[in-house]
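Heads up: the structure comes next, in C-alpha cells.
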Amino acid sequence: MITNSTRLLLILSLVYFLGIFDHGLWAPMDTVGAGMIWGMHDAGSWAVPLLNGQPYLEKPPLMHWTALVLIRVTGRLNEALIRMPSALYGWGAVLIVYYWGRREHSPRVGLCAAFLCTGSLLYLEYSKSVLTDATLVFVVILSMQLFWWAYSRHRNRTLEFAPFLLASSVAFFAKGLVGVVFVWIPIMAFLAYRRQWRWFFLLPTLYLPVFSLLVGIWAYRVWLVGGEEYLRIIFVDNQLGRFFTFSDASLPVDPYFVHKEGLFYYLWDLPPRILPWVVLVPAALYYWFRRSAPAHSDFSVYLKFALVVMLLILHASSAKVSEYALPMLPILFYLTAVWLDTALTRWNSPFDKWTIVLAGLCAGIVALLPPLIIISLYLAPQGLLTRYTGGIDIIRVAAPRAGAMYLLAGVALTGMIVGVVGYAGSQLRTERRERLADAFPGTITLLLMIGLVFFTQCYDPQRSCKPVADSLLQQMRKGRQIALGTDAPHVTGCMTFYLQSKLPVHETFQAATDFLGNNRPAALLIEKDDLHNGEFATHPGRFAVTPIDYPGIAAQNYALIRN
Numbered sequence: 000m001i002t003n004s005t006r007l008l009l010i011l012s013l014v015y016f017l018g019i020f021d022h023g024l025w026a027p028m029d030t031v032g033a034g035m036i037w038g039m040h041d042a043g044s045w046a047v048p049l050l051n052g053q054p055y056l057e058k059p060p061l062m063h064w065t066a067l068v069l070i071r072v073t074g075r076l077n078e079a080l081i082r083m084p085s086a087l088y089g090w091g092a093v094l095i096v097y098y099w100g101r102r103e104h105s106p107r108v109g110l111c112a113a114f115l116c117t118g119s120l121l122y123l124e125y126s127k128s129v130l131t132d133a134t135l136v137f138v139v140i141l142s143m144q145l146f147w148w149a150y151s152r153h154r155n156r157t158l159e160f161a162p163f164l165l166a167s168s169v170a171f172f173a174k175g176l177v178g179v180v181f182v183w184i185p186i187m188a189f190l191a192y193r194r195q196w197r198w199f200f201l202l203p204t205l206y207l208p209v210f211s212l213l214v215g216i217w218a219y220r221v222w223l224v225g226g227e228e229y230l231r232i233i234f235v236d237n238q239l240g241r242f243f244t245f246s247d248a249s250l251p252v253d254p255y256f257v258h259k260e261g262l263f264y265y266l267w268d269l270p271p272r273i274l275p276w277v278v279l280v281p282a283a284l285y286y287w288f289r290r291s292a293p294a295h296s297d298f299s300v301y302l303k304f305a306l307v308v309m310l311l312i313l314h315a316s317s318a319k320v321s322e323y324a325l326p327m328l329p330i331l332f333y334l335t336a337v338w339l340d341t342a343l344t345r346w347n348s349p350f351d352k353w354t355i356v357l358a359g360l361c362a363g364i365v366a367l368l369p370p371l372i373i374i375s376l377y378l379a380p381q382g383l384l385t386r387y388t389g390g391i392d393i394i395r396v397a398a399p400r401a402g403a404m405y406l407l408a409g410v411a412l413t414g415m416i417v418g419v420v421g422y423a424g425s426q427l428r429t430e431r432r433e434r435l436a437d438a439f440p441g442t443i444t445l446l447l448m449i450g451l452v453f454f455t456q457c458y459d460p461q462r463s464c465k466p467v468a469d470s471l472l473q474q475m476r477k478g479r480q481i482a483l484g485t486d487a488p489h490v491t492g493c494m495t496f497y498l499q500s501k502l503p504v505h506e507t508f509q510a511a512t513d514f515l516g517n518n519r520p521a522a523l524l525i526e527k528d529d530l531h532n533g534e535f536a537t538h539p540g541r542f543a544v545t546p547i548d549y550p551g552i553a554a555q556n557y558a559l560i561r562n
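By the count of numbering that gives the first Met the number 0, the sequence shown reaches residue 562 at its end, each step adding exactly one.
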C-alpha cells in the first residue's frame, strides 16, 4: 500500500523533472553554461570550461563535469540533458532536508520543509537553469549533513569525519571558495560555541591536506593548459577580487565588477524572491530565536548557527545578488517547517493563525499567476498585445493549432488552485489541520509547476534563442560562411551549442566589413543595438540587413548582415 508520504515524495521528485524538457535555451540563464558544456565536450577538455573555443575561468566546473558524465552515459546532447545537473542537485539538497525533518521530528515536517524550499521561486528557478548555484546548494547541505553525522555519533573517531572532509573539499568545485566558506565558518562557530576544541583544531588540520590534494590536482591540470595566468585568474581574481573591495591598487580587483550592493541588500531583495512562503519566515524566526524559546535539540542549535553565520557572510561580502543566498534556503525552510507543524498542532496563537492564513492566500495567488496570464494572453485584444508584447500574439505563435487547449488548461488549473485553497481553509477549522503542513505546500507546489510548464511552452518562442540559431543554420546550408558580430557570452554560448560549431567573432566594424567583403558568401549575426548604434548605422545600404524571420521577442533582437 502506497502511503501518503510516498505519494508526496513522488510528487516532489516529479516537480524537479517537470519543466526541463519542454523549452529551448533562454538567455542568460541557460546559454552561457550550455555553450561551455558543448565547448568542453567538443574539445575533450575536463580541466577548463571553454566558450567558443576560449577559456571561461569564472567558476570551477563541477556542474559542467556532471553534464559531461551524463552526455557520455546517454550519448545525447540537448537542452534537457544540460539542465539535468541543476535539477538533480536541487532535488538532492531537499531530500537531505526531508531526512532532517523525518529524523528529528516526523515525515510530515520533512516533507513540509522540502516542499517549502522547492516551491520558493528563487530555488525553483535555479534548480532548472544551467547555472552552478544548485550545485553549490547541494554540496554545502551535504557537507553539513556529513559533519553532523560524524559529530553526533560521539565515538571520537577521526575516520568518521572523512566523508565530510571529502565533500567539503569538493565544495570548492561547485562555485569556488564561497562553497568552502559556507561550510566551514558555520561549523567552526558551532564547535567554538560547544567548546569542542579538539575538533575545532583537528578538523581544519586534517582538511587542509585533503583540500590541497583535490584542488591541487585540478590546478595542475589547469596550469598545463594555461600556465600561471589561468591560476591567477581562478584563484586570485575570482576568489578575492570578486567578493572583496580593496582600496590598495596593488591588491586584486574585481575582474567583473558586478553586484557591489549595499549592506542591507538582502533585506529588501530576497523576500520577493522566496515567495510564496516568505510570509511564514518572520514568525518562524521569532519562534526559533526569541528568548523564551523552548529548548531545542543540538541539531537545531547547529542549524541556527549555520543560518546566522551564512547571513553574516552574505552581508559581509561586497558582491551581493539574490542567488548567493540559495545555500541558506534549505536551512531556513527546515526551521520554518518545524514552526509551521507546531503552530498547526497547537493552534492557540492569533498571530500564528493569521500568518498561516495569509501564507496560504499568498501561495494561492502565486500559483494562479501562470494560468491567469495564459488566459489573459489568449483573450487579450490586439491593442493590448501591440502595447505590451510588440504586437505578437504569444499564445497563437506558440500553439497555432492548439491555442484553445492552453486556454482550457489555464481555466482548469485556475479552478483546481481555487479549490485547493478553499479546501485548505475549511480544514483549518477542523482537528485535521496539522495534515496541511505537508499536503498543502506539496499540492500548491505541484500546481504551480504545472502552470509554469504551460506558461513556459507558451513563452518559449519569445525567449528561446533557437529560432536565431535555425536562421544561421539555413544560411550555412546555402553555403554561407557564418560569423558573430559580438562576443557576448549569451550569444556565443547559444549559437555554438545549437550549431555545434565554433564560430569566428568580428566585433569591430572594420573586421566585420573585411569578413563580409571577401569573395565567399557570408553572413554576420549582430545584435540590433549594435546595428543601430555602431558604425553600421553610418553606412546604410553597404550590405543587406535581414531581420530574423520569426515572430519572437528574442529573435527580433538580432539581424543578419549578408554580402
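Ideal placement from N, C-alpha and C gives every residue a C-beta, glycine not left out.
Ordered along the chain, which non-local residues of its own chain (more than five positions away) have a Cβ less than 7 Å from that of residue 18? Along the sequence shown, read from residue 1 onward, the residue named residue 18 stands at position 19. Non-local C-beta neighbours of residue 18 in its own chain, meaning closer than 7 Å and more than five positions away in sequence, comprise 127, 448, 451, 452 and 455, ordered along the chain.
Rounded to the nearest angstrom, what separates residue 204 and residue 90 at their Cα positions? For the purposes of this step, residue 204 is taken as the residue at position 205 of the sequence shown. For the purposes of this step, residue 90 is taken as the residue at position 91 of the sequence shown. In a straight line, the C-alpha of residue 204 is about 32 Å away from that of residue 90.
So for residue 260, helix, strand or coil by DSSP? Here residue 260 refers to the residue found at position 261 of the sequence shown. Of the three classes helix, strand and coil, the one that applies to residue 260 here is coil, per DSSP.
Which of the three DSSP states is assigned to residue 13 in this structure? Position 14 of the sequence shown holds residue 13. The three-state secondary structure of residue 13, taken from DSSP, is helix.
Does residue 364 have its Cβ less than 9 Å from a Cβ in chain B? Checking the listed chains, one finds no chain B in this structure; it contains a single protein chain.
Please report the straight-line C-alpha distance between residue 256 and residue 435, rounded to a whole angstrom. Within the sequence shown, numbered from 1, the residue matching residue 256 stands at position 257. Within the sequence shown, numbered from 1, the residue matching residue 435 stands at position 436. Annotation note: pLDDT 48 at residue 256 (below 50); position unreliable, coordinate value reported separately. The straight-line gap from Cα to Cα measures roughly 46 Å.
State the DSSP-derived secondary structure class of residue 25, mapped to helix, strand or coil. What you label residue 25 is simply residue 26 of the sequence shown in a count that begins at 1. DSSP places residue 25 in strand when its eight states are reduced to three.
Using a Cβ-based criterion (distance less than 8 Å to any ligand heavy atom), does residue 375 qualify as near the ligand COA? Here there are no bound small molecules, and the ligand COA is not part of this structure.
By a C-beta neighbour count over all protein chains shown, 10 Å radius and 16 as the cutoff for buried, is residue 275 buried or exposed? Counted from its first residue, the sequence shown places residue 275 at position 276. By the neighbour-count rule (16 or more Cβ atoms within 10 Å), residue 275 is buried.
Starting from residue 313, trace the beta strand (DSSP E) both ways and give me its first and last residue. The residue labelled residue 313 in the question sits at position 314 within the sequence shown. Residue 313 -> not in any beta strand (DSSP E); alpha helix (DSSP H) instead, spanning 297-315.
As assigned by DSSP and simplified to three states, the class of residue 520: Position 521 of the sequence shown, counted from the start, is the residue given in the question as residue 520. Here residue 520 sits in coil by DSSP.
Does the distance from the CB of residue 376 to the CB of residue 393 come in under 9 Å? Walking along the sequence shown from the start, residue 376 turns up at place 377. Walking along the sequence shown from the start, residue 393 turns up at place 394. Cβ atoms of residue 376 and residue 393: closer than 9 Å.
Quick one: residues in its chain with C-beta nearer than 7 Å to the C-beta of residue 79, no 5 flanking neighbours on either side, listed in chain order? In the sequence shown, counting from the first residue as 1, residue 79 sits at position 80. Correct list, in chain order: 19 and 20.
Neighbourhood of residue 246 by C-beta, 6 Å cutoff - its chain only, sequence neighbours within 5 removed: Counted from its first residue, the sequence shown places residue 246 at position 247. In this predicted model, residue 246 has a pLDDT of only 47, less than 50, meaning its place in the structure is not dependable; the value taken from the coordinates is given anyway. Around residue 246: no qualifying Cβ.
By the 10 Å Cβ neighbour count, where 16 or more other Cβ atoms means buried, how is residue 9 classified, buried or exposed? Counted from its first residue, the sequence shown places residue 9 at position 10. Per the 10 Å Cβ criterion, exposed.
Reference residue 218; option with closest CA among 515, 208 and 229: Position 219 of the sequence shown, counting from 1, holds the residue named residue 218. For the residues 515, 208 and 229, the minimum Cα distance to residue 218 belongs to 229.
Cα-Cα, which of 167, 121 and 171 is closest to residue 62? Mapped onto the sequence shown, residue 62 falls at position 63. Of 167, 121 and 171, the residue nearest in Cα terms is 171.
Through-space distance from residue 176 to residue 320, alpha-carbon basis: As a first step, residue 320 must be located in the sequence shown, where it is residue number 321. As a first step, residue 176 must be located in the sequence shown, where it is residue number 177. Spanning the alpha carbons of residue 320 and residue 176 requires a straight line of approximately 17 Å.
Output yes or no for whether 9 Å exceeds the beta carbon distance between residue 213 and residue 168. Against the sequence shown, residue 213 aligns to sequence position 214. Against the sequence shown, residue 168 aligns to sequence position 169. Cβ distance < 9 Å, so residue 213 and residue 168 count as in contact.
DSSP bridge partner residues for residue 49 (one or two, in chain order): Taking the first residue of the sequence shown as position 1, residue 49 is located at position 50. Bridge partners of residue 49: 54.
How is the beta strand (DSSP E) around residue 559 delimited, first residue to last? Numbered from 1 along the sequence shown, position 560 holds the residue referred to as residue 559. Its beta strand (DSSP E) spans residues 557-561.
Can you tell me which of 468, 430, 416 and 31 puts its alpha carbon nearest to the alpha carbon of residue 445? Residue 445 sits at position 446 when you count from the first residue of the sequence shown. Looking at the Cα atoms, 416 is the closest of the given residues.
Between the C-alpha atoms of residue 507 and residue 492, what's the straight-line distance to the nearest angstrom? For the purposes of this step, residue 507 is identified with residue 508 of the sequence shown, where counting begins at 1. For the purposes of this step, residue 492 is identified with residue 493 of the sequence shown, where counting begins at 1. Approximately 20 Å, taken between the alpha carbons.
With a 10 Å radius around its C-beta and 16 neighbouring C-beta atoms as the bar for buried, classify residue 137 as buried or exposed. Along the sequence shown, one-based indexing puts residue 137 at 138. Answer is buried; the Cβ neighbour count reaches 16.
List the whole-angstrom C-beta distance separating residue 530 from residue 544, where the pair is believed to meet the contact cut-off of C-beta under 8 Å. As a working note, residue 530 is residue 531 in the sequence shown. As a working note, residue 544 is residue 545 in the sequence shown. Right, their Cβ atoms sit about 7 Å apart.
Tell me, which residues are paired with residue 525 by DSSP? Against the sequence shown, residue 525 aligns to sequence position 526. In the DSSP assignment, residue 525 is bridged to 558.
Which listed residue (390, 465 and 299) has its alpha carbon closest to that of residue 103: The residue labelled residue 103 in the question sits at position 104 within the sequence shown. Checking every option, the nearest Cα to that of residue 103 belongs to 299.
For residue 313, collect the residues of the same chain with a Cβ closer than 8 Å to its Cβ; drop the 5 residues on either side in sequence, then sort them by chain order. Position 314 of the sequence shown, counted from the start, is the residue given in the question as residue 313. 265, 319, 323, 324 and 327, listed in sequence order.
Residue environment, residue 29, which counts as buried when at least 16 other CB atoms sit within 10 Å: Reading the sequence shown from its first residue, position 30 is the one you call residue 29. By the 10 Å Cβ count, residue 29 comes out buried.
Within 10 angstroms of its Cβ, does residue 349 collect 16 or more other Cβ (buried), or is it exposed? Residue numbering aside, residue 349 sits at position 350 when the sequence shown is read from its first letter. Exposed.
Taking DSSP as the reference, what is the three-state secondary structure of residue 504? Locating residue 504 in the sequence shown gives position 505, where the first residue counts as 1. Looking at residue 504 - three-state DSSP - the assignment turns out to be strand.
Inter-residue Cα distance where the pair is residue 254 and residue 119: Position 255 of the sequence shown holds residue 254. Position 120 of the sequence shown holds residue 119. Low per-residue confidence applies at residue 254: pLDDT is 47, beneath 50, and the placement is therefore not dependable, though the value from the model is reported in the following sentence. Their Cα atoms are separated by approximately 31 Å.
In this structure, does DSSP put residue 481 in helix, strand or coil? The sequence position of residue 481 within the sequence shown is 482, counting from 1. The answer is strand: DSSP assigns residue 481 an E or B state.
Using the DSSP secondary-structure output, state which residues sit across from residue 385 in a beta bridge. Residue 385 sits at position 386 when you count from the first residue of the sequence shown. Paired residue(s): none; residue 385 is not in a bridge.
Taking residue 182 as the reference, give the member of 302, 397, 487 and 499 with the closest Cα. The count along the sequence shown starts at 1 and reaches residue 182 at position 183. Across the set 302, 397, 487 and 499, the C-alpha of 302 shows the shortest separation from the C-alpha of residue 182.
By Cβ distance below 7 Å, which residues in the same chain neighbour residue 40 in space, the five residues on each side in sequence not counted? Counting from 1 along the sequence shown, the entry for residue 40 is found at position 41. Excluding residues within five positions, the ones whose Cβ falls inside 7 Å are 67, 70 and 76.
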